[in-house]
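2 protein chains.
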Amino acid sequence: MTTIANVQWALRLQAEFDHSIPLTRAIGVRVTNYDGKLLELSAPLAPNVNDKGTAFGGSISCLLTLAAWGVVWIACARAKVPCDIVIHKGNITYNKPVQVDLHAVCPIPPRAQMQKFIKRLKKKGRARIGLRSELVAEGDIMTLFECQYAAFFAKE
Amino acid sequence: MTTIANVQWALRLQAEFDHSIPLTRAIGVRVTNYDGKLLELSAPLAPNVNDKGTAFGGSISCLLTLAAWGVVWIACARAKVPCDIVIHKGNITYNKPVQVDLHAVCPIPPRAQMQKFIKRLKKKGRARIGLRSELVAEGDIMTLFECQYAAFFAKE
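Protein chains in written order, with the numbering used here: chain V, 1 to 156; chain Z, 157 to 312.
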């Protein structure tokens with residue numbers, strides 16, 4: 001749902017990208033939707049083009065990585081758990097070339113799974129979570145990224 | 157071996173990155189070694205930093221993707237086979253955070269495997285090849301990317 005709170009989380013994540021990860025500016029990453037069910041990041045094709053005039057695989061990988069990272073970042077920030085979030089591993093499959101602007105969607109895992117993740121993070125100081133983010137265009141999944149993130153509670 | 161021919165291939169690949177994939181300029185990708193046995197790409201940490209002051213996972217993924225792509229690009233160019241080279245899929249494992257400038261190394265597969273790939277590409281108009289590229293620092297593999305590329309012979 002597009003609530004004021006959700007829009008504020010989207011704006012905070014955008015500020016985090018702009019401030020802390022300079023390459024996101026070169027890619028042109030925009031947080032274009034966060035409704036509590038999914039996070040969507042977008043980027044124009046032009047700065048992310050390759051030698052074939054389609055989207056550079058590395059740019060797609062960046063956007064999918066950031067979308068999954070953003071889902072965990074918002075979840076931890078909402079739960080007021082200050083922590084470092086790092087990618088552990090990922091499998092990427094490029095199904096089709098992308099000839100349009102980029103839209104990466106990462107669905108937020110079910111509430112029970114998120115609660116378990118946050119509970120473990122608070123108790124153990126670290127927790128892992130699996131995510132699936134998708135580069136979508138024309139109703140198709142052009143690229144699929146299945147990944148695992150780890151969060152480390154910053155105790156200081 | 158650092159021969160004049162190998163240095164020329166490195167320079168051509170650098171020109172291809174600079175000309176055809178604009179994001180490589182933002183990342184600061186440099187072709188730093190091509191000796192016929194491996195291809196090494198490097199990038200400074202500063203433009204590729206994340207919120208933790210270490211290398212952004214997306215930047216690492218880009219550099220590893222480009223290193224593997226570069227190995228196939230040089231192999232096809234050397235064999236005088238004009239073709240499109242696209243990544244099909246990849247598995248990435250981030251072992252340790254990277255706190256220094258980035259160096260991605262992709263070993264060139266054994267001669268027999270490369271010859272088989274080029275032969276198939278010429279005969280069938282398409283061929284696939286598996287590669288393994290590594291982000292190395294302090295003698296360790298910080299990130300490992302195992303990937304598969306496809307090449308399509310441009311018949312026109």
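All C-beta atoms in this analysis are idealised placements derived from N, C-alpha and C, irrespective of residue type, glycine included.
None of these values were measured; they are calculated from a predicted model.
{"Item": "Could you check whether the Cβ of Ala178/V sits closer than 7 angstroms to any Cβ belonging to chain Z?", "Value": "Nothing about residue 178/V can be read from this structure; chain V reaches only from 1 to 156."}
{"Item": "Check whether the Cβ of Gly214/Z lies closer than 7 angstroms to any Cβ atom in chain V.", "Value": "yes"}
{"Item": "Check for me: the alpha helix (DSSP H) holding Phe173/Z runs from which residue to which?", "Value": "Ile160 to Ser176"}
{"Item": "Take Arg132/V as the anchor and find which of Leu64/V, Ala154/V, Lys116/V and Glu138/V has the nearest alpha-carbon.", "Value": "Leu64/V"}
{"Item": "Is it right to say Gly226/Z is buried, meaning 16 or more other beta carbons lie within 10 angstroms of its own, or is it exposed?", "Value": "buried"}
{"Item": "Straight-line CA distance for Ala75/V to Pro107/V?", "Value": "12 angstroms"}
{"Item": "To be precise: take each residue of the stretch 236 to 257 of chain Z, compare its Cβ to all Cβ atoms of chain V, and keep it if any distance is under 8 angstroms. Which residues remain?", "Value": "Asp240, Val242, Ile243, His244, Lys245, Gly246, Asn247, Ile248, Thr249, Tyr250 and Pro253"}
{"Item": "Please decide whether Asp51/V counts as near chain Z, where near means a Cβ-Cβ distance under 7 angstroms.", "Value": "yes"}
{"Item": "Could you work out which residues of chain V lie near Cys218/Z, taking near to mean beta carbons separated by less than 9 angstroms?", "Value": "Leu23, Phe56, Gly57, Gly58, Ser59, Ser61 and Cys62"}
{"Item": "Report, in whole angstroms, the separation of the C-beta atoms of Ser215/Z and Leu23/V, which I expect to be a contact under 8 angstroms.", "Value": "6 angstroms"}
{"Item": "Counting contacts by CB-CB distance shorter than 7 angstroms, is Pro109/V in contact with chain Z?", "Value": "no"}
{"Item": "Taking the continuous beta strand (DSSP E) assigned at Ile285/Z, which residues delimit it?", "Value": "Arg282 to Ala293"}
{"Item": "7 angstroms is my cut-off, CB to CB: does Pro105/Z come that close to chain V?", "Value": "Here chain Z covers residues 157 to 312 and nothing more, so residue 105/Z does not appear."}
{"Item": "Does the beta-carbon of Ala104/V have 16 or more other beta-carbons within 10 angstroms, so that it is buried, or is it exposed?", "Value": "buried"}
{"Item": "Distance check for Gly281/Z and Asp84/V, CA to CA, integer angstroms please.", "Value": "47 angstroms"}
{"Item": "By DSSP, does Thr188/Z sit in helix, in strand, or in coil?", "Value": "strand"}
{"Item": "Let's test the definition: count the other Cβ atoms within 10 Å of the Cβ of Ala46/V and tell me whether it reaches 16, buried, or not, exposed.", "Value": "exposed"}
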